[in-house]
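Asker: For the sequence shown, position 298 matches number 725 in our numbering, and the numbering has no gaps at all. Here it is: the structure, laid out below.
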Amino acid sequence: MNASLPAEAIAALTQETIYVTQPHLSPLEDFIPYLREIWESKVLTNGGPFHQRLEKALEDYLGVEHLALLSNGTLGLVTALQALRITGEVITTPYSFVATAHSLLWNGIKPVFVDVDPRTLNMDPAKIEAAITPQTTAILPVHCYGYPCDIDAIQKIADNYNLKVIYDAAHAFGVKQGGRSILRNGDLSVLSFHATKVFNTFEGGAIICPDAKTKQRVNHLKNFGFVDETTVVAPGINGKMSEINAAFGLLQLDHIDEALTRRRDISARYCEKLAQVKGIRCLPACDSEISNHSYFPILVEDDFPLTRDELFEKFRQHNIIVRRYFFPLISDFPMYRGLPTAQRSNLPVAGDAAQRVLCLPIFPAMTDDQLDRIMSIIESC
Ligand SMILES: *Cc1c(COP(=O)(O)O)cnc(C)c1O
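Pasting the structure below:
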């Protein structure tokens, strides 16, 4: 080994890498009977028995009705917009994963960005009204990091201006407020079951609908627009979840409560230790009872000895791969930055957060030792 490397760097090279997340996987041997059932029935997709069972099981678990499975969350967003026949302009947040705004472009809709609330980094309801024009038809907020948006304020504006509300609830699996699922709010909510999410089916997603009729429209749209063998009513897409993914979801659901409990414990341990660190701010998504602890975002403030990017690099040098969710802002990507509402002067809070945020590793298999290793890097700055 190179003798000129500092001892600290040599030690880091030999330490295991910790990624920001690690997919939660149920035991492989428990999945074999499900696979056997699929092989025996030869029903591979198109709303087969596992698809039906997972829809029912998720409705029961989440406390919702009329849940439609999809092959991923992005097609869920695209299909939700189609289901409500949204056109024109939609008000959304720049502080999210890029799929939120991409779903608008896929529907030929113009995104209108509004700034976020500095406390939660969710869409700031006080900024919505000024962004409404005669072309506005809907609001597309995100329950960022699984922390609920200001649902009442958003609904009040939607009602006043006759706008639809579609929640990007990709982070919000299992989140309840006042004992009630937050997925029941707005006109539709969209979940993602991607490998990196709290509940995963490898790839997958769902739309939570208010009634059977809306779910039926979603079902048509996710199956090319077919309503029966010879009738096509819309230019639908192929958004169906396969039987393998649905069966895996059923198995995962047996283990979700343990996974969520472990996330809560990790979050509490981080919060307790970070309370002693000057210049690091935790968001309500970290320490709230409401949150599902899908992420552990921190903000690096001016009185921390390092900048966010210096801390990011320091973690990398120690084989800890943290992520800057969300940086860059969606509004800074080439297909959005020309929009009038994408300008930095319109989005000061989101712009500042994007320069300060780091998501620390959190996943059910994470050990207390791993957490302590992560904390010791912050504490040694
Ligand atoms: C993951 C994610 C999506 C996309 O979901 P996929 O299942 O990966 O297509 C959309 N919005 C947000 C906020 C996400 O985090």
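For every residue, glycine included, the Cβ atom is placed at its ideal position computed from N, Cα and C. Just so it is clear, the structure is predicted and the values come from calculations on it, not from any experiment.
1) Return helix, strand or coil for M428, following the three-state DSSP convention.
2) In the DSSP assignment, what are the bridge partners of A565?
3) Hey, out of E516, D655 and K603, whose CA is closest to L766's CA?
4) Nearest-angstrom Cα distance between I634 and G503?
5) Spatial neighbours of V654 within its chain, please: C-beta separation below 8 Å, excluding the five flanking residues on both sides.
6) How about N534 and V505: do their beta carbons lie closer than 8 Å?
7) May I ask you to check if the CB of K640 is nearer than 7 Å to at least one heavy atom of ligand 1?
8) Applying the criterion that 16 or more other CB atoms from any shown protein chain within 10 Å of the CB defines a buried residue, is P454 buried or exposed?
9) Please state whether the Cβ-Cβ distance between I566 and S694 is less than 8 Å.
10) In or out: D795 buried (at least 16 other Cβ within 10 Å) or exposed?
11) Does DSSP classify T794 as helix, strand or coil?
12) With a 10 Å radius around its C-beta and 16 neighbouring C-beta atoms as the bar for buried, classify G778 as buried or exposed.
13) Going by DSSP in three states, R607 sits in which element: helix, strand or coil?
14) For A815, tell me which candidate among L590, K583, F626 and F477 has the shortest Cα-Cα distance.
15) Are the stretch 629-645 and the stretch 476-496 touching, with three or more C-beta to C-beta distances below 8 Å?
16) In the stretch 633-708, which residue ranges form an unbroken alpha helix (DSSP H) of at least 4 residues, counting only runs that do not cross its ends?
17) Around the Cβ of L462, are there at least 16 other Cβ atoms within 10 angstroms (buried) or fewer (exposed)?
18) For the alpha helix (DSSP H) containing F739, name the first residue and the last one.
19) Strictly by DSSP, which residues pair up with I725?
20) For K537, is the beta carbon positioned less than 7 Å from some heavy atom of ligand 1?
21) Anyone know if the C-beta pair for Y588 and P711 falls short of 8 Å?
22) Compare the Cα-Cα distances from V447 to each of E806, L615, C786 and L798 and report the closest residue.
23) By Cβ distance below 7 Å, which residues in the same chain neighbour R644 in space, the five residues on each side in sequence not counted?
24) Is there contact here, the stretch 474-482 with the stretch 665-672, by at least three beta-carbon pairs under 8 Å?
Answerer: Checking against the coordinates, here is how it stands:
1) Unreliable placement is indicated for M428, whose pLDDT of 48 sits below 50; no coordinate value is reported for it.
2) V517 and K591
3) E516
4) 6 Å
5) H647 and V660
6) yes
7) no
8) The C-beta of P454 has fewer than 16 other C-beta atoms within 10 Å across all chains shown, which makes the residue exposed.
9) no
10) exposed
11) coil
12) buried
13) strand
14) The question about residue 815 has no answer, for the chain in this structure spans 428 to 808.
15) yes
16) 639-648, 670-680 and 683-701
17) With fewer than 16 other beta carbons inside 10 angstroms of its own, L462 counts as exposed.
18) R735 to Q744
19) C709 and L785
20) No.
21) no
22) C786
23) Answer for R644: A510, listed in chain order.
24) yes
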